[in-house]
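S.K.: Take a look at the following structure, please.
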Amino acid sequence: MPEQTTIFSPRPRRRVQRMKEYHPPLGSRDALRLDFNENTLACSPKVREVLGRISTGDLTRYPEREPVEGLVAAHLGLMPAQVVLTNGVDEAIHVLFETFLEAGDEVLLPVPTYTMYEVYASSTDARVVAIQAAADLQFPFERLLAAISPRTKIIAIANPNSPSGSVATRSQLIELVRRAPQAVLLIDEAYFHFHGESVIDQLDALSNLVVARTFSKAYGLAGLRLGLLAGPVSLMQWIRRVLSPYSVNSLALACLPAALEDAAYLEWYVEEVVAARAEFEAVLDAAQIRRWPSHANFVLVDIGPRHAEFVQRMRTANVLVRDRSSDPGCDGCVRMTIGTRQQMRNAAAALSETMAALRAGNEAQ
Ligand SMILES: Cc1ncc(COP(=O)(O)O)c(C=O)c1O
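If you want it as structure tokens, here you go:
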């Protein structure tokens, strides 16, 4: 008999042992991608040109963030010390939580919302306090106010929110900042371009407000991983201590100025999506599919108990959509990204076939 050996495996922190791995359903995505709220078409052609000019020297050097941070800050009307670039907003959330959360702190999350807030909060020693939206999935302002306690350290709000597409008003957000002076209020404006309203102009006035923006959505650069945090210098100085100096890579830094400069491309894409959203919402209404009003580049629809079959049938029709039925308060729901008008006309055709197939299945039962 072979000799038995005991294998000792180091244990991670208890909080990590309790976490589940978050595995987004990426897989094979060679179809119309309406599943991850990306730009469904392309980034600016000016960004492609920059990529074509990347040299070996650019690749051998460590990336330098500061010069590009200065450009981004100027673009937003801020001082360079008020902005940090990050490896997507995901890294911004992670670093913010690592910087501020200690044992005994509370993170308030209005839910349903973006999954990664909970993932990153769970790996700290803080406690997550979820505040459930009502059935209309509107921003639960009053409930959130009531949940603020002396232990509240971070309040994370996606505005517009995902997967609901709902928004909080400026005055609600400003009121929250004032009512929780001991906490950092993170306003994640990943979908800002499709909504048009921001609180970034409040950064000088409110010392506990931090705003996140991404280049993954309207700009079409999800693969480059580029995001930012903007906030008062008094908070950003702590975040810079935790952030890796090299987490934003050279390709991303080289492309960012071109992406910012091509305002015409961004404007065109956003107008296209907003027009497509109105057209597609009308299609959903005509088909009597329940939906929530959206201020972003996606719409949440209520498919009911056969949501998984719906997602599968849409995939067979070459359209990828995202099952959100396990999000709190989203039973039976599916989220569909809005692309261009032509793409959404194709999606509408697939939707109509899929709904007919589901209805036929229902009748046969
Ligand atoms: C609200 C919200 N914030 C952040 C992100 C992620 O952004 P990034 O790609 O910059 O990490 C997403 C992506 O879906 C999102 O929905």
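Quick note, this note's numbering runs 998 ahead of the 1-based positions in the sequence shown. Think of the CB as a built atom: it goes at the ideal place given N, C-alpha and C, for glycine as much as any other residue. Predicted model, so just to flag it, every value in this text is computed and none were measured.
Quick one, what's near ligand 1 if you take every residue whose CB is closer than 6 Å to any heavy atom, in chain order?
M.R.: Residues flagged by the Cβ proximity filter: Asn1035, Gly1086, Val1087, Asp1088, Tyr1112, Ala1156, Ser1160, Asp1186, Ala1188, Thr1212, Ser1214, Ala1220, Gly1225.
S.K.: Ordered along the chain, which non-local residues of its own chain (more than five positions away) have a Cβ less than 6 Å from that of Val1281?
M.R.: Correct list, in chain order: Ala1346.
S.K.: Find out if the Cβ-Cβ distance for the pair Ala1228, Ile1198 is shorter than 9 Å.
M.R.: Their beta carbons are under 9 Å apart, which means Ala1228 touches Ile1198 by this criterion.
S.K.: With burial defined as no fewer than 16 other Cβ atoms inside 10 Å of the residue's Cβ, what is the status of Lys1018: buried or exposed?
M.R.: The residue in question, Lys1018, is exposed, as its Cβ has fewer than 16 Cβ neighbours within 10 Å.
S.K.: For Ala1220 and Gly1086, what's the separation of their Cα atoms in angstroms?
M.R.: Each residue's alpha carbon lies about 8 Å from the other.
S.K.: Give, in chain order, every unbroken run of the alpha helix (DSSP H) that is at least 4 residues long and sits entirely within the region 1139-1184.
M.R.: Correct list: 1139-1145, 1168-1177.
S.K.: Could you check the C-alpha separation between Lys1044 and Asn1316 for me, to the nearest Å?
M.R.: Spanning the two alpha carbons is a distance of roughly 29 Å.
S.K.: Would you call the CB atoms of Ile1129 and Leu1174 closer than 9 Å?
M.R.: Contact flag unset, no.
S.K.: Note down, in chain order, each residue of its chain lying with its Cβ closer than 6 Å to the Cβ of Val1182, except the 5 sequence neighbours on either side.
M.R.: For Val1182, where only same-chain residues beyond five positions count, the Cβ hits under 6 Å are Phe1098, Ile1152, Asn1206, Val1208.
S.K.: I'd like to check one pair, Val1105 with Val1126: are the Cβ atoms closer than 9 Å?
M.R.: A contact, by the Cβ cut-off of 9 Å.
S.K.: Under 9 Å, do Pro1108 and Cys1331 count as touching if we go by C-beta distance?
M.R.: Contact flag unset, no.
S.K.: Can you name the residues that DSSP bridges to Ala1228?
M.R.: Answer is Val1081, Val1209.
S.K.: If Leu1135 and Ser1164 are in contact, beta carbons under 8 Å, what's the gap, nearest whole angstrom?
M.R.: Their Cβ separation, rounded to whole angstroms, is 6 Å, which keeps Leu1135 and Ser1164 in contact under 8 Å.
S.K.: How far does the alpha helix (DSSP H) with Cys1253 in it reach, from first residue to last?
M.R.: Taken as a continuous stretch (DSSP letters only), the alpha helix (DSSP H) holding Cys1253 covers 1248-1259.
S.K.: In the DSSP assignment, find the unbroken alpha helix (DSSP H) run with Ala1090 in it and report its ends.
M.R.: Note, Ala1090: alpha helix (DSSP H), 1086-1098.
S.K.: Compare the C-alpha of Arg1203 against each of Pro1179, Ser1214, Phe1192, Gly1327 and name the closest.
M.R.: As written in the sequence, residue 1203 is Ala, which differs from the Arg given in the question. Answer by Cα proximity: Pro1179.
S.K.: So, do the region 1031-1050 and the region 1252-1269 have three or more beta carbon pairs nearer to each other than 8 Å?
M.R.: With the cut-off at 8 Å, the region 1031-1050 and the region 1252-1269 touch.
S.K.: Between Val1319 and Leu1226, which are expected to be in contact by the criterion C-beta below 8 Å, what is the C-beta distance as a whole number of angstroms?
M.R.: Wrong, their Cβ atoms sit about 29 Å apart, outside the cutoff.
S.K.: Compute the distance between the beta-carbons of Leu1032 and Gly1327, then report whether it is under 9 Å.
M.R.: No, Cβ-Cβ distance for Leu1032 and Gly1327 is not below 9 Å.
S.K.: Provide the residue span of the alpha helix (DSSP H) that contains Phe1308, from first to last.
M.R.: Run containing Phe1308: 1305-1314, per the alpha helix (DSSP H) assignment.
S.K.: Can you tell me whether DSSP reads Asp1202 as helix, strand or coil?
M.R.: Three-state DSSP puts Asp1202 in coil, outside helix and strand.
S.K.: Would you list the one or two residues that DSSP bridges to Pro1108?
M.R.: Answer by DSSP bridge pairing, in chain order: Ile1129.
S.K.: Pair every Cβ in the region 1275-1292 with every Cβ in the region 1108-1124, then say whether three or more of these pairs are closer than 8 Å.
M.R.: No contact exists between the region 1275-1292 and the region 1108-1124.
S.K.: Once you ignore the five residues that flank Phe1139 on each side, which residues in its own chain have a CB closer than 7 Å to its CB?
M.R.: Hits under 7 Å: Ala1166, Gln1170.
S.K.: According to the Cβ coordinates, are Val1048 and Ala1216 closer than 9 Å?
M.R.: It is not a contact, given that the beta carbons lie outside the stated cut-off.
S.K.: Tell me whether Phe1296 sits in a helix, a strand or coil according to DSSP, three-state version.
M.R.: Strand at Phe1296.
S.K.: Considering Cα atoms alone, identify which of Tyr1244, Ser1245, Glu1096, Tyr1189 is closest to Val1297.
M.R.: Residue Tyr1189 is the option with its Cα nearest to Val1297.
S.K.: Look at Ala1257 and Phe1192 and say whether their C-beta atoms are less than 9 Å apart.
M.R.: Against a cut-off of 9 Å, the Cβ pair of Phe1192 and Ala1257 comes out as no contact.
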